[in-house]
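J.: Heads up: the sequence shown begins at 1 in full-length UniProt numbering, then just goes up one per residue.
Got a structure for you, written out below as structure tokens; questions coming shortly.
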Amino acid sequence: MGTINNNDLQFWIEIETEQGVQIYIVKSKFINFLENRGYRKLIQNKDFQLIKIIDTSIVIPTKEHIIREEVKKHLLNINKVDVWETFLGQDYLSKKFIEGIDSISIDFNYGSENTAVFFYQNGVLNVTSNSFNLIPYKNYDGYVWEDQILKRDFKSQKIKNTEFKQFCWNISGQKENRLIPLETLIGYLLHTYKDPSLTKAIVLIDENIDFENNKSEGGTGKSLIAESIKKIVPTLRKNGKLLKTNDKFFFADVEPYHKVIVFDDVKQDFSFESLYSMITGDMPIEKKYKNPTVMDFKDVPKVIITSNYIVMGTGGNSEKRRKIVFEINSHYRENSSIIEEFGHRFFDDWTDEEWLRFDNYMMFCIQQYLNNGLIEAESINEEKNRLIQETNLDFVDFMDSIIENPIANDGETKDTRARFDKAIIYKKFTQENPELAKDLTPNSFKKWIDTYAENKKIKILHQKSNGLAYVIFHDIIPIVESEKLPENED
């Protein structure tokens with residue numbers, strides 16, 4: 001006969017009868033036995049999921065057949081085959097029975113405004129603005145899904161010769177005033193705490209976009225930033241070329257454990273406006289054959305968007321307050337590739353030592369964010385590229401030319417103003433660009449002028465006089481001797 005471990009409750013009784021020993025399973029004791037081994041009902045959306053908790057904080061989803069296998073192994077180990085036979089005689093793992101197990105509600109939101117939490121094989125890592133603190137799971141006052149524990153150990157060390165930091169330095173144009181903002185962006189994404197006052201999507205675009213040849217080249221490292229986030233926190237990737245944001249099941253695969261969602265390589269016609277509500281509020285989620293649910297703001301993943309184009313929404317403050325744009329330098333397009341520079345692929349070919357350097361650098365990025373907030377790098381070409389994408393490269397060059405030299409382009413000037421007959425400059429532009437003449441109407445041309453002026457922050461006035469339509473640009477030239485403009489500008 002085997003012995004029963006004191007940590008395991010005996011969930012059966014043995015009664016001597018004339019026919020021999022009769023074994024009875026005591027249901028309440030069997031429930032206690034399961035609870036003693038860490039089994040609980042996890043309450044989720046008015047339903048429950050069967051789980052097992054190990055090391056007081058690690059949560060494993062489980063099923064009835066797994067419990068049955070564990071019961072079998074336990075009973076056979078203590079030579080209780082007769083109890084196992086009795087157990088098999090009835091369904092002690094029915095839904096009604098399972099409902100008797102203790103319930104538990106778990107908040108899987110980690111960290112706080114000033115602390116970020118990460119899960120490694122060798123413990124729970126707490127990161128503050130000035131410290132790393134690794135504690136055993138048994139001392140962690142919280143819970144984590146087992147499959148979210150990173151399959152590597154963490155050890156604090158000085159950051160030196162880190163390949164990923166060198167990569168970040170290169171895509172920042174090897175400029176510190178761009179590297180630091182990039183590090184805070186990474187830290188913001190890694191910090192799973194959701195601050196209602198800071199709701200930004202991180203948009204990664206190329207510093208140089210080839211509008212002249214109408215090519216979307218990529219290859220600068222945008223997706224590698226998104227992949228680096230995925231190596232630390234649970235991340236859902238959406239293929240940007242296949243996005244259908246008007247699909248009611250579009251967010252069906254978003255789960256509460258996802259901390260970041262990546263819209264990777266979105267197309268030129270992607271509407272940033274379609275994400276406004278999920279960036280700043282709750283997220284409605286509809287799954288096939290299930291009732292719709294609403295994910296609370298604190299559970300909604302943070303957003304990364306990568307694109308070879310300018311990502312545009314409605315413009316103005318509504319768009320600006322929901323995103324921060326970082327322009328990626330073309331280092332890896334114009335010079336060597338990642339493999340050529342480092343001699344191997346990132347992540348897949350890294351040694352344990354390089355992973356340790358990577359993890360320490362990413363934790364440093366968290367500290368950059370906690371200490372400095374989310375820093376927005378100065379725009380390089382974004383405004384110009386946005387204007388070109390909203391209008392046309394040849395149009396922007398044309399407008400730059402006539403603004404620079406109004407008199408040579410049939411304009412009139414007075415003080416700091418210049419006036420053009422819209423019909424004349426429209427004809428001039430379409431003659432120089434006949435391939436655009438068919439689709440570009442005078443009204444569309446006027447809208448392009450308005451877009452140009454708004455982008456360049458130039459005050460303009462549309463004026464009609466003597467049957468002619470003019471556009472007047474204010475404060476664009478120094479005061480010079482010029483033809484006199486009429487005074488009736490109203």
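No residue lacks a Cβ here, since even glycine has one placed at the ideal position from N, Cα and C.
A quick note: this is a predicted structure, and the numbers were derived from the prediction, not measured.
Is it true that the CB of S172 sits closer than 8 Å to the CB of L182?
T.: A contact, by the Cβ cut-off of 8 Å.
J.: Less than 8 Å separating the beta-carbons of Y361 and T162?
T.: Cβ atoms of Y361 and T162: closer than 8 Å.
J.: Taking buried to mean at least 16 other C-beta atoms within 10 Å of its own C-beta, is E401 buried or exposed?
T.: According to the sequence as given, residue 401 is Ser; it is not Glu. Exposed is the call here.
J.: Return the residue from the list N79, D107, S103 and I67 that minimises the CA-CA distance to D91.
T.: Per the Cα distances, I67.
J.: Out of curiosity, what's the CA-to-CA distance linking V480 and D421?
T.: Here V480 scores only 45 on pLDDT, less than 50, and its place in the model is too uncertain to base an answer on.
J.: Does the Cβ of D264 have 16 or more other Cβ atoms within 10 Å, making it buried, or fewer, making it exposed?
T.: Per the 10 Å Cβ criterion, buried.
J.: Look at F272 and G313 and say whether their C-beta atoms are less than 8 Å apart.
T.: The answer is yes: Cβ separation under 8 Å.
J.: Check the C-beta distance from I324 over to K200 and give it rounded, since I have them as a contact under 8 Å.
T.: 5 Å between Cβ atoms; contact.
J.: For a test of the three-state rule: what should DSSP assign to K464, helix, strand or coil?
T.: Strand, per DSSP.
J.: Within its chain, find whatever has a CB closer than 7 Å to the CB of P284; leave out the 5 residues flanking it on each side and keep chain order.
T.: Result list for P284: P292 and V294, in chain order.
J.: Taking just the CA atoms, how far does E14 sit from E85?
T.: Approximately 13 Å, taken between the alpha carbons.
J.: Looking at residue 577: is its Cβ nearer than 8 Å to the Cβ of T235?
T.: Shown here, the chain extends from 1 to 490; a query on residue 577 therefore has no answer.
J.: When you compare only the Cα positions, how much space is there between I43 and I225?
T.: Spanning the two alpha carbons is a distance of roughly 35 Å.
J.: When the Cα atoms are used, what is the spatial distance from K438 to K427?
T.: Their Cα atoms are separated by approximately 12 Å.
J.: For residue 500, which of helix, strand or coil comes out of DSSP?
T.: Nothing can be reported for residue 500, as the shown portion of the chain is limited to 1 through 490.
J.: Assuming I106 contacts L50 under a Cβ cut-off of 8 Å, what Cβ separation, rounded to an integer in Å, is found between them?
T.: Not quite, the Cβ-Cβ distance comes to about 13 Å (not below 8 Å), so this is no contact.
J.: Take D153 as the anchor and find which of Y120, N177, W145 and P136 has the nearest alpha-carbon.
T.: Per the Cα distances, Y120.
J.: Provide the residue span of the beta strand (DSSP E) that contains G411, from first to last.
T.: Looking at the DSSP string, the run of the beta strand (DSSP E) that includes G411 is G411 to K414.
J.: Please determine, among Y332, T17, N246 and P136, the residue with the shortest C-alpha to C-alpha distance to I149.
T.: I149 has its Cα closest to that of P136, out of Y332, T17, N246 and P136.
J.: Do you know whose CA, among D47, K52, R37 and Q22, lies nearest K80's CA?
T.: Among D47, K52, R37 and Q22, the Cα nearest to that of K80 is on Q22.
J.: Nearest-angstrom Cα distance between D253 and H344?
T.: Going from the Cα of D253 to the Cα of H344 covers about 33 Å.
J.: What residues in its chain sit with their C-beta under 6 Å from that of K238, if we drop five residues either side in the sequence?
T.: Counting only Cβ-Cβ distances below 6 Å, and skipping sequence neighbours, we find F263.
J.: Are the beta-carbon atoms of residue 494 and V303 separated by less than 8 Å?
T.: Shown here, the chain extends from 1 to 490; a query on residue 494 therefore has no answer.
J.: Can you give me the Cβ contacts of L75 inside the same chain, cut-off strictly under 8 Å, excluding the 5 residues immediately before and after it?
T.: V81, V83, W84 and F87.
J.: Going straight from the alpha carbon of D47 to that of T62, what length do you get?
T.: C-alpha separation (whole angstroms): 15 Å.
J.: So which of K414, I186, D147 and E341 has the shortest CA-CA distance to M52?
T.: A quick correction: the sequence has Lys, not Met, at residue 52. Minimum Cα distance to K52 is reached at D147.
J.: Assign R152 to one of three DSSP states: helix, strand, or coil.
T.: The answer is coil: DSSP assigns R152 none of H, G, I, E or B.
J.: Within 10 angstroms of the Cβ of H316, are there 16 or more other Cβ atoms? Answer buried if so, exposed if not.
T.: Per the sequence shown, residue 316 should be read as Gly rather than His. Counting Cβ neighbours within 10 Å, G316 comes out exposed, since fewer than 16 surround it.
J.: Using the Cα positions of F326 and K158, report the straight-line distance between them to the nearest angstrom.
T.: F326 and K158: Cα-Cα distance of roughly 27 Å.
J.: What whole-angstrom Cβ distance do E35 and I101 have, given they're in contact under 8 Å?
T.: About 6 Å separates the two Cβ atoms, so the contact holds.
J.: Taking the CB atoms as reference points, tell me whether T416 and H462 lie closer together than 8 Å.
T.: Cβ atoms of T416 and H462: not closer than 8 Å.
J.: For K267, tell me which candidate among Y39, L190 and K244 has the shortest Cα-Cα distance.
T.: Considering only alpha carbons, the answer is K244.
J.: Do you know offhand how far N455's Cα is from D210's?
T.: Cα to Cα, the separation comes out at about 19 Å.
J.: On the DSSP bridge list, what partners appear for D47?
T.: The partner list for D47 (beta bridge, DSSP) reads Q44.
J.: I need the straight-line Cα distance from V311 to P406, nearest angstrom please.
T.: Cα to Cα, V311 sits roughly 33 Å from P406.
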